[in-house]
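Peer 1:
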Amino acid sequence: ELGPYSHFMQKEIHEQPRAIADTIEGVIDAGTFSAELFGDDAADVLAGIEGVQILACGTSYYAGMTARYWIEAIAGLPCSVEIASEYRYRDVVANPKHLIITLSQSGETLDTMEALKYAKSLGQERTLSICNVPESAIPRASRLVCYTRAGAEIGVASTKAFTTQLVALFTLTATLAKLRGRLDEAREAEYLDALRHLPGSVQHALNLEPQITAWSEHFAPKEHALFLGRGVHYPIALEGALKLKEISYIHAEAYPAGELKHGPLALVTDAMPVVVIAPNDSLLEKVKSNMQEVRARGGELFVFTDEESQFGPSEGVHVIRAPRHVGVLSPVIHTIPVQLLAYHVALARGTDVDKPRNLAKSVTVE
Ligand code: F6R
Numbered sequence: 244e245l246g247p248y249s250h251f252m253q254k255e256i257h258e259q260p261r262a263i264a265d266t267i268e269g270v271i272d273a274g275t276f277s278a279e280l281f282g283d284d285a286a287d288v289l290a291g292i293e294g295v296q297i298l299a300c301g302t303s304y305y306a307g308m309t310a311r312y313w314i315e316a317i318a319g320l321p322c323s324v325e326i327a328s329e330y331r332y333r334d335v336v337a338n339p340k341h342l343i344i345t346l347s348q349s350g351e352t353l354d355t356m357e358a359l360k361y362a363k364s365l366g367q368e369r370t371l372s373i374c375n376v377p378e379s380a381i382p383r384a385s386r387l388v389c390y391t392r393a394g395a396e397i398g399v400a401s402t403k404a405f406t407t408q409l410v411a412l413f414t415l416t417a418t419l420a421k422l423r424g425r426l427d428e429a430r431e432a433e434y435l436d437a438l439r440h441l442p443g444s445v446q447h448a449l450n451l452e453p454q455i456t457a458w459s460e461h462f463a464p465k466e467h468a469l470f471l472g473r474g475v476h477y478p479i480a481l482e483g484a485l486k487l488k489e490i491s492y493i494h495a496e497a498y499p500a501g502e503l504k505h506g507p508l509a510l511v512t513d514a515m516p517v518v519v520i521a522p523n524d525s526l527l528e529k530v531k532s533n534m535q536e537v538r539a540r541g542g543e544l545f546v547f548t549d550e551e552s553q554f555g556p557s558e559g560v561h562v563i564r565a566p567r568h569v570g571v572l573s574p575v576i577h578t579i580p581v582q583l584l585a586y587h588v589a590l591a592r593g594t595d596v597d598k599p600r601n602l603a604k605s606v607t608v609e
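The sequence shown begins at 244 in full-length UniProt numbering and counts up by one.
1. Give the range of the beta strand (DSSP E) segment to which Gly570 is assigned.
2. Taking the alpha-carbon positions, what's the Val581 to Glu489 distance?
3. Do Leu451 and Ile563 come within 8 Å of each other at the CB atom, strictly closer than that value?
4. Determine the direct distance from the alpha carbon of Gly307 to that of Ser385, and round the result to whole angstroms.
5. Among the candidates Gly472, Val270, Ala514 and Leu289, whose CA atom is the shortest distance from the CA of His465?
6. On the DSSP letters alone, give me the boundaries of the beta strand (DSSP E) that Arg564 sits inside.
7. Taking the alpha-carbon positions, what's the Asp334 to Lys363 distance?
8. Verify whether the separation of the beta carbon atoms of Glu536 and Leu508 is less than 8 Å.
9. Here's the rule: buried if 16 or more other CB atoms are within 10 angstroms of the residue's CB, otherwise exposed. What is Gly424?
10. Across which residues does DSSP place Ile263 in a beta bridge pair?
11. Alpha carbon to alpha carbon, how far is Val517 from Gln553? Give it in angstroms, no decimals.
12. Measure the C-alpha to C-alpha separation of Ala299 and Asn601 and round it to an integer number of angstroms.
13. Taking the alpha-carbon of Met252 as reference, which of Gly319, Pro599, Thr607 and Leu544 has the nearest alpha-carbon?
14. Does ligand 1 have even one heavy atom less than 7 Å from the beta-carbon of Gly570?
15. Going along the chain, which unbroken runs of the alpha helix (DSSP H) with 4 or more residues stay wholly within the region 490-528?
16. Assuming Leu526 and Gly474 form a contact by the criterion Cβ under 8 Å, report the distance between their Cβ atoms to the nearest whole angstrom.
17. Can you tell me which of the three DSSP states Gly472 falls into?
18. Tell me the rounded alpha-carbon separation between Gly559 and Arg538.
19. Once the 5 residues before and after Ile343 are set aside, which same chain residues still bring their CB inside 6 Å of it?
20. According to DSSP, what are the bridge partners of Ser372?
21. Leu471 and Val519 look like a contact to me (Cβ under 8 Å); what is the Cβ gap, rounded to whole Å?
22. Is any heavy atom of ligand 1 found at a distance shorter than 7 Å from the C-beta of Ala400?
23. Relative to the alpha-carbon of Leu289, which residue among Leu415, Arg311, Ala565 and Trp313 has its alpha-carbon at the smallest distance?
24. Is any heavy atom in ligand 1 found nearer than 7 Å to the beta carbon of Glu489?
25. I'd like to know whether the C-beta atoms of Ala591 and Glu460 end up nearer to each other than 8 Å.
26. From the DSSP output, in three-state form, read off Leu280 for me.
27. How close, in whole Å, do the beta carbons of Thr275 and Glu396 come, if the pair is a contact with beta carbons under 8 Å?
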């Protein structure tokens with residue numbers, strides 16, 4: 244069942260090119276972003292929406308945080324993202340013109356289900372769920388459904404479910420942009436092309452595994468780690484920190500890099516490795532100056548970047564490069580190294596990778 248792999252988590256990390264290709268098959272075959280991809284009456288449900296509210300837990304919540312950058316920038320819709328267990332217990336100001344999106348790998352997470360029920364009880368009738376398990380509770384309670392096609396995810400730590408959620412959310416974003424007259428033909432062709440090339444680029448990122456394995460010996464003896472990112476890569480830093488703490492039991496935190504000097508910089512010493520997600524985008528110069536702040540305090544940097552960025556390794560700065568910057572879908576690519584890092588650090592520490600202590604795959608209790 245595991246084939247050449249040692250754990251389900253490793254197998255599922257390596258299944259991502261296929262899982263992503265399967266998830267985007269519908270849109271690639273259609274050769275266009277159309278509302279029908281989300282259900283027969285999707286055009287009616289999505290027409291005229293004025294905002295988006297995303298509800299989810301854990302890794303799915305980080306997929307939602309990533310999507311917020313896309314939905315606001317590309318579809319021009321205000322978007323909020325909230326932890327389902329918080330949303331369900333506060334007095335929400337409902338807006339029936341907002342689309343409620345629930346994200347759940349299992350489709351059975353109690354808090355997410357209850358948050359959806361609560362939203363509906365407030366008159367929020369435009370609901371869409373992105374889910375990996377057909378006919379599970381959350382999609383059954385939603386008007387529109389988009390299934391990710393990651394296949395069964397056995398490892399408790401979510402991997403391929405996250406990247407397939409991201410591509411489903413990107414497809415939804417482009418569809419919303421189109422419905423709103425914000426996607427011209429050239430841009431549509433560009434996005435379709437980016438999706439088409441994505442499985443290959445993910446495979447290139449997976450090929451970095453030997454370099455990442457070599458990094459794991461730096462992390463294995465440590466008790467703390469810090470992850471930094473900015474913009475659309477900040478949620479990827481959060482996801483990297485979550486993966487590391489879940490399966491290796493190393494305390495890891497993520498911060499938007501610009502927030503360092505407002506507190507967490509006080510923690511930085513040579514005892515705390517700092518992982519930086521630093522693709523060659525418009526924020527790279529800012530991230531570089533944040534990296535200098537870390538180096539000046541003796542912090543050791545482990546940087547994931549891509550070929551185009553003009554900086555190399557130096558004293559206390561380790562660099563791994565993805566082959567090329569893939570533009571708007573870059574967060575998908577930069578997820579791969581943080582997953583592999585967590586996996587190899589856990590292996591080095593000898594923890595139970597597929598069944599971390601105290602955790603369950605599907606959280607159907609409060
Ligand atoms: C982390 C992880 C959890 C889940 C969360 C939500 O690796 O697996 O944080 O993401 O419990 O689960 P779903 O997506 O099934 O609602």
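Cβ atoms here follow ideal geometry from the backbone N, Cα and C, with glycine treated the same way. Since we're looking at a predicted model, the values are computed, not measured.
Peer 2: Checking against the coordinates, here is how it stands:
1. Against the sequence shown, residue 570 aligns to sequence position 327. Neither: Gly570 is in no beta strand (DSSP E) and is coded neither H nor E.
2. As a first step, residue 581 must be located in the sequence shown, where it is residue number 338. As a first step, residue 489 must be located in the sequence shown, where it is residue number 246. Approximately 13 Å between the Cα atoms of the pair.
3. Taking the first residue of the sequence shown as 1, we reach residue 563 at position 320. Taking the first residue of the sequence shown as 1, we reach residue 451 at position 208. Yes.
4. Taking the sequence shown and counting its residues from 1, the one referred to as residue 385 is at position 142. Taking the sequence shown and counting its residues from 1, the one referred to as residue 307 is at position 64. Near 17 Å, if we compare the C-alpha coordinates of Gly307 and Ser385.
5. Taking the sequence shown and counting its residues from 1, the one referred to as residue 465 is at position 222. The question names His, yet the displayed sequence has Lys at residue 465. Its Cα nearest to that of Lys465, the residue Ala514 stands out among Gly472, Val270, Ala514 and Leu289.
6. In the sequence shown, counting from the first residue as 1, residue 564 sits at position 321. Arg564 -> beta strand (DSSP E) spans Val560 to Ala565.
7. Counting from 1 along the sequence shown, the entry for residue 334 is found at position 91. Counting from 1 along the sequence shown, the entry for residue 363 is found at position 120. The straight-line gap from Cα to Cα measures roughly 14 Å.
8. On the sequence shown, residue 536 is found 293 positions in, with the first residue counted as 1. On the sequence shown, residue 508 is found 265 positions in, with the first residue counted as 1. Less than 8 Å separates the beta-carbon of Glu536 from that of Leu508.
9. Sequence index remark: in the sequence shown, residue 424 carries index 181 (1-based). A residue is called buried when at least 16 other Cβ atoms come within 10 angstroms of its Cβ; Gly424 does not meet this threshold and is exposed.
10. Here residue 263 corresponds to residue number 20 of the sequence shown, with the count starting at 1. DSSP, once it has assigned bridges, lists no residue as partnering Ile263.
11. As a first step, residue 553 is located in the sequence shown; it is residue number 310 there, counting from the start. As a first step, residue 517 is located in the sequence shown; it is residue number 274 there, counting from the start. Straight through space, the alpha carbons of Val517 and Gln553 are spaced by roughly 20 Å.
12. For the purposes of this step, residue 299 is identified with residue 56 of the sequence shown, where counting begins at 1. For the purposes of this step, residue 601 is identified with residue 358 of the sequence shown, where counting begins at 1. Within the model, the alpha-carbon separation for Ala299 versus Asn601 is close to 20 Å.
13. Translated into the one-based positions of the sequence shown, residue 252 becomes position 9. Among Gly319, Pro599, Thr607 and Leu544, the Cα nearest to that of Met252 belongs to Pro599.
14. Along the sequence shown, one-based indexing puts residue 570 at 327. The closest heavy atom of ligand 1 lies 7 Å or more from the beta carbon of Gly570.
15. Within the region 490-528, no run of alpha helix (DSSP H) reaches 4 residues while sitting entirely inside it.
16. As a first step, residue 526 must be located in the sequence shown, where it is residue number 283. As a first step, residue 474 must be located in the sequence shown, where it is residue number 231. At roughly 5 Å, the Cβ-Cβ gap stays under 8 Å, so Leu526 and Gly474 are in contact.
17. What you label residue 472 is simply residue 229 of the sequence shown in a count that begins at 1. Strand.
18. In the sequence shown, the residue the question calls residue 559 occupies position 316. In the sequence shown, the residue the question calls residue 538 occupies position 295. Looking at the backbone, the Cα of Gly559 and that of Arg538 are separated by about 7 Å.
19. Numbered from 1 along the sequence shown, position 100 holds the residue referred to as residue 343. Correct list, in chain order: Gln296, Ala362, Gln367 and Thr370.
20. The residue you call residue 372 lines up with position 129 of the sequence shown. Per the DSSP secondary-structure output, Ser372 pairs in a beta bridge with Thr345 and Val388.
21. Walking along the sequence shown from the start, residue 471 turns up at place 228. Walking along the sequence shown from the start, residue 519 turns up at place 276. Leu471 to Val519, Cβ: 5 Å. Contact.
22. Here residue 400 corresponds to residue number 157 of the sequence shown, with the count starting at 1. Ala400: yes, Cβ under 7 Å from ligand 1.
23. In the sequence shown, counting from the first residue as 1, residue 289 sits at position 46. Nearest of Leu415, Arg311, Ala565 and Trp313 to Leu289, Cα basis: Leu415.
24. One-based indexing of the sequence shown puts residue 489 at position 246. Yes, Cβ of Glu489 sits closer than 7 Å to a heavy atom of ligand 1.
25. For this step, residue 591 is matched to residue 348 along the sequence shown. For this step, residue 460 is matched to residue 217 along the sequence shown. Note that the C-beta distance between Ala591 and Glu460 is below 8 Å.
26. One-based indexing of the sequence shown puts residue 280 at position 37. DSSP places Leu280 in helix when its eight states are reduced to three.
27. The residue given as residue 275 occupies position 32 in the sequence shown. The residue given as residue 396 occupies position 153 in the sequence shown. In this structure Thr275 does not touch Glu396 by the C-beta definition: roughly 29 Å separates them, more than the 8 Å allowed.
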